[in-house]
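Be aware that the sequence shown starts at 1, since it is given in UniProt numbering, and climbs by one per residue.
Cβ atoms here follow ideal geometry from the backbone N, Cα and C, with glycine treated the same way.
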Amino acid sequence: MGSRPQAIPRVYTVAILECDTPIEPVVKQFGSYGDIFERFLRNGLAKYLNHTTTPQDVDLRLIKSNMVDLGDLPAFDQVDCLLLTGSKHNSFEDDPWILRLVEYIRTAHQTSKLPIIGICFGHQIISRALGGVVQRNPKGWEVSVDHIDLAPKGRELFNSASIDLHQMHRDAVLQLPDGVQNLGTSPVCGIQGLYAPRRIFSLQAHPEFNGVIMSEILTLRRSQNVFDQEMFESAMSRADGHHDGAMVGEAVWKFLMEG
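Here you go:
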């Protein structure tokens, strides 16, 4: 049986922990990762409230803090949720800001009841903080819109057997932390998300991306010879394809409000 929906607070405060700055063409069109996630969260909340049986008026408040620049770490009693963004950095490295973030998330999980959401790099940081294994993926890059076969908990959360989402990673969670479930798999990445009721929800994919963002990143990384021409052309052919980011946005709020 599912848990009862919680009463939605009048003001819901999400701390967006920005783990990178988008590339310049993306910043010009869409702003910071905090801005991108603000739109993602607001759109998801609107869809959730439109479909819930107990509609309420919710004032979503965002706190945005740059982790790379050692920005403020929000006090746990001042926010309702933590959200970690993606990043070009390696989550398994020991840079001071990464170690600081890992310890903060570990402490948040151990000493508070805050739900923690992570996307791509954020997904990997959560896994590292909780004792999972994060390394370079031996299967290589996963990029552009790709197919994810959902595990039972993923099917329940997204009300679907599979989803298609933007991907941009060559690091991966290779071993689950204790106490969480895997949300799905793909041929390149066996752990596509983490889930623990009302506590952890993460995805390796980028539900906040759109075709323009993906195309800009692919173009830059091809110019840097990160991707060869064959991989670039394959990825670009899928960049504007259908993706289920809006479905994920609504599922985020289902997780936050219903457990």
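Within a Cβ cutoff of 7 Å, which residues of the same chain sit near residue i, ignoring the five residues on either side of it in sequence?
| i | result |
| --- | --- |
| H147 | S162, D164, S186 |
| F37 | I16, L83, T85, E208 |
| A251 | L157, F158 |
| N90 | D171 |
Take residue i and list the residues in its own chain whose beta-carbon comes closer than 6 Å to its own, dropping the five residues that flank it on each side.
| i | result |
| --- | --- |
| R61 | V11, T13 |
| F255 | F201 |
Count the other CB atoms within 10 Å of the CB of residue i; is the residue buried (16 or more) or exposed (fewer)?
| i | result |
| --- | --- |
| E233 | exposed |
| H242 | exposed |
| S3 | Annotation note: pLDDT 48 at S3 (below 50); position unreliable, coordinate value reported separately. Exposed, because fewer than 16 other Cβ atoms sit within 10 Å of the Cβ of S3. |
| L96 | Strictly speaking, residue 96 in this sequence is Pro, with Leu absent from that position. Flag for P96 reads exposed. |
| A75 | exposed |
| L99 | exposed |
| M1 | Caution is warranted here: a pLDDT of 41 is assigned to M1, below 50, making its placement in the model unreliable, and the coordinate value is therefore given only provisionally. Exposed, because fewer than 16 other Cβ atoms sit within 10 Å of the Cβ of M1. |
| Q78 | exposed |
| residue 299 | The first residue shown for the chain is 1 and the last is 259, placing residue 299 beyond what the model contains. |
Along the beta strand (DSSP E) that carries residue i, what are the first and last residues, could you check?
| i | result |
| --- | --- |
| L62 | 59 to 66 |
| S237 | No beta strand (DSSP E) contains S237, which is instead part of the alpha helix (DSSP H) from 229 to 239. |
Taking residue i and residue j to be in contact with their CB atoms under 8 Å, please state how far apart those CB atoms are, rounded to whole angstroms.
| i | j | result |
| --- | --- | --- |
| L101 | A108 | Not quite, the Cβ-Cβ distance comes to about 10 Å (not below 8 Å), so this is no contact. |
| R16 | I217 | For clarity, residue 16 is Ile in the given sequence; the question names Arg instead. Wrong, their Cβ atoms sit about 20 Å apart, outside the cutoff. |
| N210 | G193 | Not really, about 20 Å apart at Cβ, beyond 8 Å. |
| F30 | I213 | 7 Å |
| I105 | I119 | Not really, about 13 Å apart at Cβ, beyond 8 Å. |
Could you check where the alpha helix (DSSP H) with residue i kicks off and where it finishes?
| i | result |
| --- | --- |
| R128 | 121 to 129 |
| S112 | S112 -> no alpha helix (DSSP H), and no H or E assigned at all. |
| A246 | 245 to 258 |
| T219 | 211 to 223 |
| I36 | 33 to 51 |
Among all the DSSP beta bridges, which residues are the ones paired with residue i?
| i | result |
| --- | --- |
| G193 | L203 |
| E18 | N66 |
For residue i, which residues from the same chain have a beta carbon less than 8 Å from its beta carbon, with the 5 sequence-adjacent residues on both sides left out?
| i | result |
| --- | --- |
| Q135 | F92, D171, A172, L174 |
| N43 | A246, G249 |
Any heavy atom of the ligand SAM closer than 8 Å to the beta-carbon of residue i?
| i | result |
| --- | --- |
| V226 | The model on display carries no ligand, and the ligand SAM is accordingly not part of it. |
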